[in-house]
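Below is one structure, written out as structure tokens; the observations come after it.
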Amino acid sequence: MYEQIKGLKELPVEEPLSPGHRLCPGCGASIVVRQVLLAAPKDTIVAEATGCLEVSTALYPYSAWNRPWIHSAFENAAAVASGIESGFKALARRGDAKEHPIIVFGGDGGTYDIGLQALSGAIERGHRFLYVCYDNEAYMNTGIQRSGGTPLGAWTTTTQVGSARAGKREAKKDLMSIVVAHNVPYAATASISHWRDLMTKVRKALSKEGPTFLHVMAPCTRGWRFDSEKTIRMSRLAVETRFFPLYEVDDGVYKITFPVTSPKPVEEYLKLQGRYSHLFQPQNAAELETIKKGVDDNYRRLERLSQFTSQLNVPKTP
Amino acid sequence: MSLQSLRVAALQGDEAVAEAVRQSDVDVVAAYPITPQTIIVEKLAEYVANGKLRGEFIPVESEHSAMSACVGASVTGARVFTATSSQGLAYMHEMLYNVSGMRLPIVMAVANRALSAPLVLNADHSDMMGSRDCGWIQLYAENVEEIYDRTIQLFKLSEDPRVMLPAALNFEGFILSHDKERVRLLEDEPIRRFLQRPRPKHHLDPDEPLTFGAIATPDTYYEFRMQQTEAMKAALRVFDEVEMEFESFSGRRYGAVDAYNTDKADVVMVINGSAAGTMRAAARELNTAGENVGVLAVKLYRPFPLEQVVSHLAQAKAVITMDRSISPGAPSGPVSEDVKSAMQLAGLSMPVLSVVYGIGGRDLAIEDGKNIFGLAKEGSSFGSSTLMYGVKV
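If you read the sequences in order, they're chains A and B. According to this note's numbering, numbering within the first sequence proceeds without interruption in unit steps and concludes at 327. According to this note's numbering, numbering within the second sequence proceeds without interruption in unit steps and concludes at 472.
What follows is the structure, encoded as structure tokens:
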């Protein structure tokens, strides 16, 4: 069981991630962390993959973390979490420690790409932890290189816009489907603009016995090329244009948790970001249409999955 | 001295490791199968299934994740073990540095096997030597009973607050991992007393949240590495204490080095691993026939017992170094380089014959040992490049 969050006043005043860290003004990742950890119990253990969040919050001899925290390497955060879970389990059995909730933070590079194997292994083995992918859609820490999470058409420093090519040629990897294919008890997308939805999903995920997954959009002012005060607006537009639908897969049942009945034009979201500016030149009109069609197709796919799975007597994950 | 009653068993090297791990009351084992280490993993899974080991067994999806899961388990303060070999050790190479840098007392068994390509299943030391500088304590066992004893000892050494470094127990794949030998097993209770559980001072604890794995700068990184180096020095001292305490209930002691006839020999051969026993047999036969040769087995390779090594070489007129790994393009193999640099520091200048042997599991027999001592006696090979003994030309 878990408690729904109704209002801001319920939230603890305490900051799990102290101010004074070195993340950029308007960084989506720090807001993701704040919202996730404020929804989680205070005895939560945090594990993290290498990335912006890690290098900016734990610069020796300082640390912004008011939680027990470990960073080991880029590709192994889920494997480390499986070890933490097993360690506490074994210690609890001898009465030497209690078990604690475990939350992992990994960027899109550390989750979609280099850490995918470790994630797959850990969730297949059924360790109890919540993996949060804060997705800023490129390797921002090393200077905006494309990842498997970079969307179609986006400029990055390794998907340049030139006379022969215009941004990333491949579609964004459907990470949620990959995770869901492991039959995890709970997986969801979330956005920092819809904080109550996000926090409820965190609580729901932590209430599950096994591995759970949260895919959160984390706008990056540097990589996406927008002004730092627009982070939440960017997140909201991603949802309201259906570019990033909010949904959950709860024991196999899909549900769009924030239905967008009359979506705003996708252009409203894309136009605010410098990484997409080339799409509005006449020679890239077809590309823009492909992106829009992809957004539409994806939302309809989710609607159908929701209809389909709600009618099924889906067996609960063991 | 009243010794504990002993159970005598015929065990393969891998089985001896698993039995020692069970008796060491390990909390978490995370491992991935690789020949010739697999028996260890299977055996431990069996112990867990039968309730003989109360810990958690994590059947990870790769060696990289094996060591990563060990990291996570170790920072909770649990006692952690893994085992690997060859490609597996290479695959977790990155994590080896991570573990020693975070000062996590993880113990690992390495059933040494040569590296691909071409793929070969048999022994040499190039897997561990490839990770030689990873900041782990490295020990080379010579027989199955030593494998058993050392596994237990390494938990004690590694977890000592003055040390807090991970430790790798090396033994050659198949030659030792699959060889069935007589082992005098110890009782559980004295091992449990020997390995009292000190939950490390620093661990993940919500009441006292600590940050593990921070990022450093050129201003701070060097000092972290310096502390590791100091801990290695401490490990050399603590190693003696551990051996002494282990001897008190087992009656068994090996030393950081094992010396045969080094105090009077004309030629001393320095070697590590299982071939040391074969070379001792060769030396004995030669000495019976009127020669005067000795063998120094270097068991503890990191920290390198420099003073002990040179003290056993001081009397010799010539030295032979034996490497079971190749460093292409280097003047000689890693054991040879270490011995020569130790000699130089001690002001010893006798000639050294650097030999590479046993690559990819090629056998080294007693006759081979006699041949090598013979070459040293002739003196013709000294000063030239490394002798690749036993290679087909």
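Cβ coordinates follow ideal geometry from the N, Cα and C atoms, glycine included. Values in this document were obtained by computation on a predicted structure and should not be read as measured data.
Inset, instruction - Report yes or no: do the region 97-108 of chain A and the region 160-173 of chain B share at least 3 C-beta pairs separated by less than 8 Å? - result: no
Legend entry - Short CB-CB distance (under 8 Å) between B/Ser-81 and chain A: Low local confidence applies: a pLDDT of 45 at B/Ser-81 is under 50, so the model's placement there is unreliable, and no value is given.
Legend entry - Any non-hydrogen atom of the ligand FAD within 7 Å of A/Lys-210 CB: In terms of ligand content, the structure shown is empty, and the ligand FAD therefore cannot be addressed.
Legend entry - Every unbroken beta strand (DSSP E) inside the region 84-132 of chain B [3 residues or more]: 86-91, 107-110
Legend entry - DSSP-derived helix/strand/coil call for A/Tyr-143: strand
Legend entry - Within-8 Å CB hit, B/Glu-364 to chain A: no
Legend entry - Any chain A beta carbon closer than 8 Å to B/Asp-284: Chain A contact via Cβ: present.
Inset, instruction - Could you work out which residues of chain B lie near A/Leu-246, taking near to mean beta carbons separated by less than 9 Å? - result: Correct list: empty, because the minimum Cβ distance to chain B is about 33 Å.
Inset, instruction - Look up A/Tyr-121 in the DSSP assignment and say whether it is helix, strand or coil. - result: helix
Inset, instruction - Would you decide whether B/Asn-129 is buried or exposed? Buried here means 16 or more other CB atoms lie within 10 Å of its CB. - result: exposed
Legend entry - Cβ-based contacts, 9 Å cut-off: residues of the region 137-159 of chain B near chain A: Within the region 137-159 of chain B, contact with chain A at the beta-carbon level (separation under 9 Å) is assigned to Ile-137, Pro-138, Val-139, Glu-140, Ser-141, His-143, Ser-144, Ala-145, Met-146, Ser-147, Ala-148, Cys-149, Val-150, Gly-151, Ala-152, Ser-153, Val-154, Thr-155, Gly-156, Ala-157, Arg-158, Val-159.
Legend entry - C-beta atoms of B/Val-336 and B/Leu-375 nearer than 8 Å: Yes, the Cβ-Cβ distance between B/Val-336 and B/Leu-375 is below 8 Å.
Legend entry - Nearest to B/Gly-408 (by Cα), restricted to the options B/Thr-465, B/Val-398, B/Ile-451, B/Arg-359: Closest option to B/Gly-408, Cα to Cα, is B/Thr-465.
Legend entry - Per DSSP, cross-strand counterpart(s) of A/Leu-26: Paired residue(s): A/Trp-74.
Inset, instruction - Give the single residue among B/Tyr-380, B/Lys-343, B/Ala-338 whose Cα lies nearest to the Cα of B/Ala-360. - result: B/Ala-338
Legend entry - Per-residue DSSP class, three states only, for A/Leu-215: helix
Legend entry - Residue nearest to B/Ile-185 in terms of C-alpha spacing, selected from B/Ser-195, B/Tyr-170, B/Gly-151: B/Gly-151
Legend entry - B/Pro-410 versus B/Met-422 - alpha carbon distance: 16 Å
Legend entry - Per DSSP, cross-strand counterpart(s) of A/Leu-68: Answer is B/Ile-294.
Legend entry - Through-space distance from B/Val-139 to B/Leu-236, alpha-carbon basis: Spanning the alpha carbons of B/Leu-236 and B/Val-139 requires a straight line of approximately 26 Å.
Inset, instruction - Kindly indicate which residue of A/Leu-314, A/Gln-154, A/Trp-78 has the alpha-carbon position closest to the one of A/Thr-166. - result: A/Gln-154
Inset, instruction - Answer yes or no: does any C-beta atom of chain A fall closer than 8 Å to that of B/Thr-341? - result: no
Inset, instruction - Flag A/Glu-24 as yes if its beta-carbon sits less than 8 Å from any beta-carbon of chain B, otherwise no. - result: no
Inset, instruction - Report yes if the CB atom of A/Leu-68 is closer than 8 Å to the CB atom of A/Val-42, and no otherwise. - result: no
Inset, instruction - Tell whether a beta-carbon distance below 8 Å holds between A/Val-55 and A/Trp-74. - result: Going by C-beta atoms, A/Val-55 is nearer than 8 Å to A/Trp-74.
Legend entry - Between the CA atoms of B/Leu-183 and B/Val-107 - distance to the nearest angstrom: 13 Å
Legend entry - chain B contact residues for A/Ile-54, given Cβ-Cβ distances below 8 Å: Leu-283, Pro-285
Inset, instruction - Assuming B/Leu-264 contacts B/Glu-121 (C-beta within less than 8 Å), just tell me the rounded distance between them. - result: In fact, because the Cβ distance is near 19 Å, the residues do not count as touching under 8 Å.
Inset, instruction - Indicate whether the contact test is met: 3 or more Cβ pairs, each with one atom in the region 111-125 of chain A and one in the region 295-303 of chain B, closer than 8 Å. - result: Cβ pair count under 8 Å is below three, so no.
Legend entry - 7 Å Cβ shell around A/Val-170 - same chain, five flanking residues per side excluded: Trp-164, Gly-176, His-287
Legend entry - Helix, strand or coil at B/Ser-81 [DSSP, three-state]: Confidence is the limiting factor: at B/Ser-81 the pLDDT is only 45, short of 50, which leaves the residue's position unreliable and the question unanswerable from this model.
Legend entry - Buried/exposed call for A/Lys-213, threshold 16 Cβ in 10 Å: So A/Lys-213 ends up on the buried side.
Inset, instruction - Classify B/Leu-424 as buried or exposed, calling it buried when 16 or more other Cβ atoms lie within 10 Å of its own Cβ. - result: exposed
Inset, instruction - Kindly indicate which three-state DSSP category B/Tyr-468 falls into: helix, strand or coil? - result: Coil.
Legend entry - Proximity of B/Arg-332 and B/Val-87 at Cβ, strictly below 8 Å: Taking a C-beta distance under 8 Å as the contact criterion, B/Arg-332 and B/Val-87 do not qualify as a contact pair.
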